[in-house]
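Okay, so here's the structure we're looking at.
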Amino acid sequence: NTNPGRASRTAELVTMETTMETVKQRVLTTDAALQTDLDTMWLCLGAILVFFMQTGFAMLEVGTVNKKNTSNILLKNVLDASVGSIVWWLTGYGIALGGAIDSYGFIGSTHFALNTDDFAGQGYSYGMWLFQWAFAATTATIVSGAVAERCTFTAYITYSVCLTGFVYPVVVCWGWNTQGWASAWKSVDDDANPLLFGCGVIDFAGSGVVHMTGGVAALVGSAFLKPRKARQPVTGGPLLTLPSDYAPEYGPIFQTLGTLILWMGWYGFNGVSTLYIVNYGLVAAKTMVTTTLSAGTGAVTTLFIGSLMQGKVDGAYVLKLGDANNGVLAGLVAITAPCSTCEPYGAFIIGFGAAFVYLGSNALLTACKIDDVVSAIPVHGFCGFYGVIMASLFATKDNYAAAYYSDRAKDCAGVLYGGDGSSLAAAICFLLAVIVWVAALSCVVFGALSGMGMLRVDPTVEDDGMDKSEHGVTGGYAAAATTAGGAEMVEKDAGSNL
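Mapping of the sequence shown onto this note's numbering: residues -4 to 493, in sequence order.
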C-alpha cells in the first residue's frame, strides 16, 4: 500500500523543485537583461564623451584661426555633428556595420535609416549607433580644421556628406565590422569570411579607421586648396610663419582648453571601445591607463625636442605651449590602436615615438608647402599610421586574448612578443588600402569642386574673412554695454550672403 504521508512529501518536493527552477530561470533572465542594460549604458556614456570632443575641436580651432573667421569655423563644428547625424542615420551606419558577407567584407548592406526590422527592441543596437555616430563626426572635424579659412561653405558641406556618408563608413566596415575583410573582430576564420593573414588588423579604437582616414582626406583637401595668403603671400613661394598677432589674444587659452577637453573625451574614445563593460572592466581600465601615459609622454617629449629643434632664441631655448598641446594629441592618436593590447611601458614608448613622428611630419608638410591650419595631418594622419604599426609590434599575448580572442593570441600577438608577424602584415595591407581608398575618393570630390570653381573662396573674401561674406558678420565683434555697465562681445550682423 502507498504511504499517504510519503506521497504528500514527494509532491511537495516536486513542487519546490519546480518553483526553484522557475526562480532560477527568472534570475538568469534578469541577470542577462541587467548585463545588456549595463553594456548599453556603457556605450551611451562613451558616446557622450566622444561627442563632447566636438567642444574640444571647436575651442582648439577657434583659438588658432584669425578672429575674422570665428563664426565660420564654429558653424562648421556644429554642422559636423548635425549633418553627420542625418547622413549617418541614412547611409553611414548601414555601410559601416551592416551585413557585409555578400560583398566579401567590403561594404555593409543592412541597418539603413534605423529600420525597425534591424533595431526593434534592441537597446544595445541603438547605443552602438550613437557611439559610432560620435566617431563619424570626429572624422569630419579633422578635415574641417585642416582646410579652414579658405574653403567655401558649399565645398565643406559636400566633402562632409561624402566623407561621413560613404568614404569613412567603408573603412569602418573593413576594420571593425565582424564581417569586414580586414577586421580582427571576427570570432572564426572560415572560407566564407576569412581573417586577413589569419589575424586581421589590430586597430582597437581607430588610429587608422578614424584618424588616418581624416588625416588623408585633410591632406588631399589642403593640397587642392593651396596655402592661405597669410602663409604664402607669393604664389609658389615658401610658407611663412604667421605673425604673432594673427591668432586672437585668447588663442592660447582656447587651444589649451580644447586640448584638455579632447584628452578627457579620449577616455570614452578608447576606453569604451571595449563595447561592453560586463566582464571587460580590466580591459577598459587598462586601456585608459595606457591612453594617459602615451598622451603625457607625447606632450613632454614634443615640448623639449621641439625646443631643441628650433634652437636658441635670443640666447635661450624656448618652450612652446603649442608643442605641448600637439604632443598630447599626437600621443593620444598613436595609442588609439594599441591601447588595449600593449603594456603601460609600451604606451610610454609609443608616446615617445609619436613626438618624433609629429615633429618630423610637420616639418615635411612645411617643406612640401602644405598649409594645415591646426596640424591635423601630422597629428591624425601620420600618427594614426604610426599607431596601427605600433599595435602590431607591442600587442602582448595576454592583452590580445583579453581584448580580442584567446585562441589566436599566440600567432597574432605583436612581433616583439612572439607573434608570427601576421598582425604586422595585416596592418600594412590595411593601411595601404585605406590610403588608396580615401585619397582616391578625396581627389574625386576635391578635384571636382576645384574644377567647378567651388572649392576656394575669392581672394577678397579671404582678406575680409568668411564671417563677413558667408555669415553676415560685419565689423568683427564689437563691444556692447551690459546692464552692469560693462561690455560684452556681440556680432554686428548685416544679413547673410548665403
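By construction, the Cβ of each residue, glycine as well, lies at the ideal position given by its N, Cα and C atoms.
Give the DSSP-derived three-state secondary structure of residue i in the structure shown.
i: V468; result: strand
i: D75; result: helix
i: A311; result: strand
i: N67; result: helix
i: D185; result: strand
i: F101; result: coil
i: C363; result: coil
i: R223; result: coil
i: H496; result: The chain is shown from -4 up to 493; residue 496 falls before or after that span and cannot be answered.
i: C168; result: helix
i: D415; result: coil
i: S289; result: helix
i: N61; result: coil
i: N320; result: helix
i: N265; result: helix
i: I430; result: helix
i: V273; result: coil
i: P228; result: coil
i: Y245; result: coil
i: A404; result: helix
i: V440; result: helix
i: V485; result: Unreliable positioning characterises V485 in this predicted model, as indicated by a pLDDT of 43, which lies under 50. The coordinate reading is nonetheless provided below. Three-state DSSP puts V485 in a strand.
i: L237; result: coil
i: V278; result: helix
i: L190; result: coil
i: E338; result: coil
i: L493; result: Residue placement at L493 is flagged as unreliable, the pLDDT there being 39, under the threshold of 50; the coordinate-derived value follows with that caveat. Coil.
i: S370; result: coil
i: A390; result: coil
i: V10; result: The sequence given here places Thr at residue 10; Val does not occur at that position. In this structure, T10 counts as helix in the three-state DSSP scheme.
Using DSSP's beta-bridge definition, name the partner residues of residue i.
i: C146; result: R451
i: V196; result: S178
Compare the C-alpha of residue i against each of the options and name the closest.
i: L503; options: L125, G322, L324, I102; result: Residue 503 lies beyond the residue range present for the chain, which begins at -4 and ends at 493; the question has no answer from this structure.
i: A350; options: V410, N67, A329; result: A329
i: D459; options: V205, K62, L33; result: K62
i: A42; options: T31, T133, S66, G58; result: T133
i: A135; options: K405, P247, I372; result: I372
i: V205; options: I152, V229, L158, V410; result: L158
i: L85; options: I137, S437, F161, D32; result: F161
i: A177; options: T230, S437, S418; result: S418
i: T230; options: L270, K364, A428; result: K364
i: D186; options: G100, L214, T153, P339; result: G100
i: L288; options: L324, D393, I300; result: L324
i: Y340; options: L360, A290, F380, G355; result: A290
i: A362; options: Q30, A294, Q227; result: Q227
i: V439; options: D112, A150, A319; result: A150
i: T251; options: L55, A420, G103; result: L55
i: L191; options: D32, G175, A200, T31; result: G175
i: V452; options: D97, C146, L69; result: C146
i: F114; options: Q305, V215, G93, A443; result: G93
i: G170; options: G122, A95, D112, I152; result: A95
i: P238; options: F249, K224, G232, I248; result: K224
i: Y262; options: D415, L354, Y412, M283; result: M283
Do residue j and residue i come within 8 Å of each other at the CB atom, strictly closer than that value?
i: C337; j: F377; result: no
i: G118; j: T35; result: yes
i: G382; j: A342; result: no
i: L450; j: L220; result: yes
i: W83; j: A131; result: yes
i: D462; j: S155; result: no
i: A91; j: Q127; result: yes
i: H375; j: G203; result: no
i: D367; j: A141; result: yes
i: V278; j: A398; result: yes
i: C194; j: A428; result: no
i: G246; j: G58; result: yes
i: K71; j: S139; result: yes
i: L298; j: A319; result: yes
i: W432; j: V167; result: no
i: G253; j: G293; result: no
i: G317; j: M207; result: no
i: P164; j: G87; result: yes
i: S268; j: F347; result: no
i: G103; j: N172; result: yes
i: F47; j: I256; result: yes
Would you say residue i touches the ligand GDP, meaning its beta carbon is less than 7 Å from a heavy atom?
i: V278; result: Although the ligand GDP was asked about, the structure shown includes no ligands whatsoever.
Check the Cβ-Cβ distances between residue i and every residue of chain D, and say whether any is below 8 Å.
i: E457; result: Included in the structure is just one protein chain, with no chain D present.
Ranges of the alpha helix (DSSP H) found wholly within the stretch 105 to 133, counting only runs of at least 4: Considered as a whole, the stretch 105 to 133 harbours 111 to 114 as its complete alpha helix (DSSP H) runs of no fewer than 4 residues, in chain order.
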